[in-house]
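Novice: Provided herewith is a single structure, encoded as structure tokens, for subsequent inquiry.
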Amino acid sequence: MTDGEEYTLADEIVARARIHAREVVDEYELAVDLGALEWDVSPRARRRAGACRWHADREVATIVLARKAYEAYEWPAFAEIVRHELVHAWEFQRFGESGHGSRFRERAAALEAPRHCDAFAEPRYVLRCLTHSCDWQAERHRASKPVKSPDQYRCGACNGALEVEHAVSGRTWTTASGYGGAKAALGDEW
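Using my numbering, the first residue of the sequence shown is number 526, and each one after it goes up by one.
Below is the structure:
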């Protein structure tokens, strides 16, 4: 930063994450090459609090942290997300691949990092099975294909028909035209 420039929230997030990463590498003896680790902040992410991308051509991992998660969580919970993504970086650097399998679970447990993170934003849509004996549902933050055309998809648990609810308004639909109608009726509230 030069004189006159102000630090942004993204700068704060990256600075705290880098400091925590150094502490984790030292305290837990996690063999992550911090020199081959890049950081980024997503201002849009709503579903994933963090992600780790592997650039095999450069042998560099990039940890992307969600600004909205940082705003929603207290630091100890956000630090768990950083540790979770550091485990992915370690796997990428050491094995060239990463997932949430047994190797990940074992290392994440040693770092007191969750296997999955709690939701930090309310979903825009909720998909539900219409079969009375089935309680399957899924949350969505974006208008995915099943949200836009629920009649083209079936419940993964019982093969029943689906209904979608716009979480804020409570408006529901079961067809593509129902989606269009709800979107048109809600206008700016969509």
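C-beta: ideal position from N, C-alpha, C; glycine also.
Report buried or exposed for ARG667, applying the criterion of at least 16 other Cβ atoms within 10 angstroms of its Cβ.
Specialist: Label assigned to ARG667: exposed.
Novice: Under the three-state reduction of DSSP, which class applies to HIS580: helix, strand or coil?
Specialist: The three-state reading of DSSP puts HIS580 in strand, counting E and B together.
Novice: Where GLU622 and GLU605 are concerned, what is the direct C-alpha to C-alpha distance, given to the nearest angstrom?
Specialist: 21 Å
Novice: What separation, rounded to the nearest whole angstrom, lies between the Cα atoms of LEU655 and CYS642?
Specialist: Rounded to whole angstroms, LEU655 to CYS642 spans 28 Å at the Cα level.
Novice: Starting from TRP661 and walking both ways along the beta strand (DSSP E), at which residues does that stretch end?
Specialist: Per DSSP, TRP661 belongs to no beta strand (DSSP E) and is neither H nor E.
Novice: Given 8 Å as the limit, is there contact between the region 674 to 691 and the region 702 to 715, that is, 3 or more CB pairs closer than that?
Specialist: yes
Novice: Between the alpha carbons of PHE629 and VAL589, how many angstroms are there, rounded?
Specialist: 18 Å
Novice: Which residues mark the beginning and the end of the alpha helix (DSSP H) in which GLU631 is found?
Specialist: 627 to 635
Novice: Pairing CB atoms from the region 591 to 601 with CB atoms from the region 552 to 560, are three or more of them under 8 Å?
Specialist: no
Novice: How close, in whole Å, do the beta carbons of VAL549 and LEU636 come, if the pair is a contact with beta carbons under 8 Å?
Specialist: About 6 Å; that satisfies the 8 Å criterion.
Novice: Determine which residues share a DSSP beta bridge with SER567 and list them.
Specialist: ALA591
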